[in-house]
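> Dropping the structure in here first, questions after.
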Amino acid sequence: MAPNFGRSISFPLTPARSFSKSSRHVRSVSLPGTTSSHPLLANLHAHIAAVRSWIQDTASLQAGLANIHALHAALADLLLLPASVAALRCTTSNTGDRLLDAFLLLADAHQGFQECLLELRQAAAESRTALRRGDAGRLASASSSQRRAEKDLARLAASVSAVSTKCARLNLVAVSGEEAEMAYALVEAAAASAAASAAVFSAAASMSSAVSSCKKTATFIPAFARKSTAPESAEATVERLHALEQCFDECDGACDMVFRSVVQTRVSLLNIMTPTI
């Protein structure tokens, strides 16, 4: 069972609606009219573009997680530059503190995502066993766990999708020159990471929900038709459950990598904001 996420994330009181393409749009906060020849900044922008491209077609969870991880790797390199450090330490800007808050929420959300995937894998395995044995009680219990995890994922998606909006409201007016370019890039990276994370969570919930519908079809078959149709329908559902379980299992390593990269990003930001005296 996924534990209560209330320890550090405030969820909305109602489950989030499906993550539509319109809500997936990430507002660009790039500094107008500026270009940089620095390869690390160009590399970060390339990964931001890749993340946004994946959001428009969330066909593969693993690809989405890989893009988020690569984005944070590029962000880690950029945070080593003096201009990035100067932009974050600017006393007249709240960029550093707000980014710290954003990445704390993202880290906690990705930890919750790992727990939800574990619960969904277990529910899928239980459902397969229940269908093969014709155990209605066991199937109902597994379905309940599955629905609960899906709702948790919807809440996680709603929480992290709000980060993009918050990042767009950051006070960057006081930052100028090369520092401004770096500040805008860091904010844009945070917004893209949050939007992609929300898309990943929503896609996982949608995949699980689609299989749940098949379970209902396989279970509620008229008595007079069971001999001829039930075995085939139930077997098809078992195969879909197995595919879902395998997909989430294959994402486990990528989920852990993303979680660690988000945590490392926040640690790097914290080190910059609180230098050793």
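Residue numbering for the sequence shown follows the numbering used here, beginning at -10 and increasing consecutively. Cβ coordinates follow ideal geometry from the N, Cα and C atoms, glycine included. In this text the structure is predicted, and so the values were computed from the model without any measurement.
1) Alpha carbon to alpha carbon, how far is I261 from L64? Give it in angstroms, no decimals.
2) Give me the Cβ distance between V189 and L54, rounded to the nearest whole Å; I'm assuming they're in contact under 8 Å.
3) Excluding sequence positions up to five away, which residues of its chain have a Cβ less than 6 Å from the Cβ of C105?
4) Can you tell me which of the three DSSP states T69 falls into?
5) Considering only the beta carbon of each residue, do A48 and S186 sit closer than 8 Å?
6) Measuring CA to CA, which of C203, A169, A76 and I37 is closest to A62?
7) Using the Cα positions of L128 and D90, report the straight-line distance between them to the nearest angstrom.
8) Are L107 and A174 touching if we call contact CB-CB under 8 Å?
9) May I have the straight-line CA-CA distance separating T226 from S134, to the nearest angstrom?
10) Out of L259, A125, E115 and Q253, which has the shortest C-alpha to C-alpha gap to A96?
11) Between the C-alpha atoms of E167 and A35, what's the straight-line distance to the nearest angstrom?
12) Would you say L50 and C240 are within 8 Å of each other, going by their C-beta atoms?
13) What residue does the alpha helix (DSSP H) around H99 start on, and which one ends it?
14) Nearest CA to the CA of H58: which residue from H27, L258 and D245?
15) Can you round the beta-carbon distance between F102 and L145 to whole angstroms, since I take them to be within the 8 Å contact cut?
16) Short of 6 Å in beta carbon distance, which residues of its chain neighbour S7, apart from the five on each side in sequence? Order them along the chain.
17) What whole-angstrom Cβ distance do T84 and A172 have, given they're in contact under 8 Å?
18) Leaving aside the five residues before and after L120 along the sequence, list all residues of the same chain whose C-beta is less than 7 Å from its C-beta, in chain order.
19) Which value, in whole angstroms, describes the spacing of the CA atoms of A178 and A112?
20) If I measure Cβ to Cβ from A131 and keep anything under 7 Å in the same chain, skipping five residues before and after, which residues do I get?
21) Taking the alpha-carbon positions, what's the A125 to D238 distance?
22) Assuming V40 and L60 are in contact, meaning their beta carbons sit under 8 Å apart, how far apart are those beta carbons, in whole angstroms?
23) Under the three-state reduction of DSSP, which class applies to H34: helix, strand or coil?
24) Just to confirm before moving on: does the CB-CB distance between S148 and L94 stay below 8 Å?
25) So, at 7 Å on beta carbons, what are the nonlocal neighbours of A72 in its own chain, with the 5 sequence-adjacent residues on each side left out?
26) Roughly how far, in whole angstroms, is the beta-carbon of R122 from the beta-carbon of E234, given that I think they are within contact range, below 8 Å?
27) Near V251, what residues of its chain come up, given a Cβ to Cβ distance below 7 Å and the 5 sequence neighbours on each side ignored?
Considering the structure as presented:
1) The straight-line gap from Cα to Cα measures roughly 14 Å.
2) Sure, about 6 Å apart at Cβ, within 8 Å.
3) So the qualifying residues of the chain are A(-9), A138, D141 and L142.
4) The residue asked about is misnamed: residue 69 is Leu in this sequence, not Thr. Correct three-state label for L69: coil.
5) No; because the gap between Cβ atoms is not below 8 Å, this pair is not in contact.
6) For the options C203, A169, A76 and I37, the alpha carbon positioned closest to that of A62 is the one of I37.
7) Those two C-alpha atoms are separated by around 40 Å.
8) Note that the C-beta distance between L107 and A174 is not below 8 Å.
9) Approximately 18 Å between the Cα atoms of the pair.
10) Checking every option, the nearest Cα to that of A96 belongs to Q253.
11) So the two alpha carbons sit approximately 19 Å from each other.
12) Yes, these two residues count as a Cβ contact at 8 Å.
13) Element bounds for H99: T84 to R122.
14) Answer by Cα proximity: D245.
15) Cβ atoms of F102 and L145 come within 8 Å of each other, at about 6 Å.
16) Annotation note: pLDDT 37 at S7 (below 50); position unreliable, coordinate value reported separately. Excluding sequence neighbours, S7 sits near nothing in its chain.
17) Sure, about 5 Å apart at Cβ, within 8 Å.
18) Around L120: L128, A207, A223, T226 and V227.
19) Taking the straight line from one Cα to the other gives about 35 Å.
20) Beyond the five residues adjoining it in sequence on each side, A131 comes within less than 7 Å, by CB distance, of A112, E115, S116 and A119 in the same chain, given in chain order.
21) C-alpha separation (whole angstroms): 25 Å.
22) Separation of the CB atoms of V40 and L60 is rounded to 5 Å, and the pair is thereby assigned contact status at 8 Å.
23) Three-state result, H34: helix.
24) Contact annotation: S148 and L94 have beta-carbon atoms nearer than 8 Å.
25) Excluding its 5 nearest sequence neighbours in each direction, A72 has C-beta neighbours in its own chain below 7 Å: E167, E168 and M171, listed in chain order.
26) That belief does not hold up - the Cβ atoms of R122 and E234 are roughly 17 Å apart, past 8 Å.
27) Hits under 7 Å: H61, F92, L95, A96 and H99.
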